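Here is the structure we will look at, set down as structure tokens.
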Amino acid sequence: MSLSRVTLSVLNISWTCTRHDLRTYFEKFGKVVRVNIPMNANGFNQQTAFVSMTGEKGFANKITTDYHVVDGTE
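Per full-length UniProt numbering, residue 1 is the first one in the sequence shown, and the count goes up by one each step.
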């Protein structure tokens with residue numbers, strides 16, 4: 001089996017979205033290796049996250065062709 005790795009930019013996440021929320025959601029598409037949510041100086045997320053994943057070759061096409069709703073935000 002050939003595995004590939006991809007890092008997704010997840011935009012417009014809610015202020016309350018956590019790494020756990022993103023990990024739980026994206027694990028149904030492949031193995032989540034890392035989730036990074038940059039924070040601003042006030043401790044709020046910048047409504048952007050980066051999710052690094054591995055999966056079978058071509059799995060990234062399945063993820064990037066649709067809109068996703070995580071924590072109530074598309």
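For every residue, glycine included, the Cβ atom is placed at its ideal position computed from N, Cα and C.
As the structure is a computational prediction, the values presented were derived from the model and not from experiment.
I'd like the list of long-range same chain contacts for residue i, defined as Cβ closer than 7 Å, with 5 residues on each side in sequence excluded.
i   : result
N40 : Q46
G30 : M53, T54, G55 and F59
Near residue i, what residues of its chain come up, given a Cβ to Cβ distance below 6 Å and the 5 sequence neighbours on each side ignored?
i   : result
L8  : V51
N36 : F50
P38 : Q46
H20 : none
In whole angstroms, what is the alpha-carbon distance linking residue i and residue j?
i           : j   : result
F26         : C17 : 13 Å
residue 112 : K57 : Examination of residue 112 is not possible in this model, given that the chain is present from 1 through 74 alone.
S14         : V70 : 8 Å
N42         : T24 : 26 Å
K28         : L22 : 11 Å
T48         : V33 : 17 Å
Per DSSP, residue i forms a beta bridge with which residues?
i   : result
L11 : T48
V6  : M53
In chain order, what residues of the same chain lie with their CB nearer than 8 Å to the CB of residue i, ignoring the 5 residues before and after it?
i   : result
F44 : W15
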